[in-house]
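The end of the sequence shown is residue 510 by the working numbering, with every number in the run present. I have placed the structure first, in the form of structure tokens, so that the comments after it can refer back to it.
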Amino acid sequence: MGIFKKISAVIKSNINDLISRAEKPEKMLNQIILDMRDQLANAKREVAAAIADERRLKAQIEQEVSQQRDWQHRAILAVKEDRD
427 MGIFKKISAV IKSNINDLIS RAEKPEKMLN QIILDMRDQL ANAKREVAAA
477 IADERRLKAQ IEQEVSQQRD WQHRAILAVK EDRD
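In structure tokens form, the structure reads like this:
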């Protein structure tokens, strides 16, 4: 059983338990749905931020690699010209 199936089963079990204890199950379900929507929106924002960070870091890596190559080229030229 995959982790998402396990999580889903636990969530369903907890929701069913809450509903069975609630005086007004419809209101409780509506609140649970609202809470889950908020959590989903937060998760989407966090994923978007993580993707943006990943892209920024990839660009930074490319820039650093380019700079490293430039300095390596300069060092090789300096050694060849006895300027080291």
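We put the CB at the ideal spot given by N, CA and C, even for glycine.
{"Check": "Below 8 Å on the Cβ atoms is my guess for ILE458 versus ILE441; work out the distance and round it to an integer in Å.", "Outcome": "6 Å"}
{"Check": "Please classify GLU480: does DSSP put it in a helix, a strand, or coil?", "Outcome": "helix"}
{"Check": "For the alpha helix (DSSP H) that ARG447 lies in, which residues bound it at each end?", "Outcome": "429-447"}
{"Check": "Compare the C-alpha of LYS438 against each of TRP497, GLN494, LEU455 and name the closest.", "Outcome": "LEU455"}
{"Check": "Could you compute how far the alpha carbon of PRO451 sits from the alpha carbon of ASP461?", "Outcome": "15 Å"}
{"Check": "State the Cα-Cα distance for the pair ALA467 and VAL473, rounded to the nearest angstrom.", "Outcome": "10 Å"}
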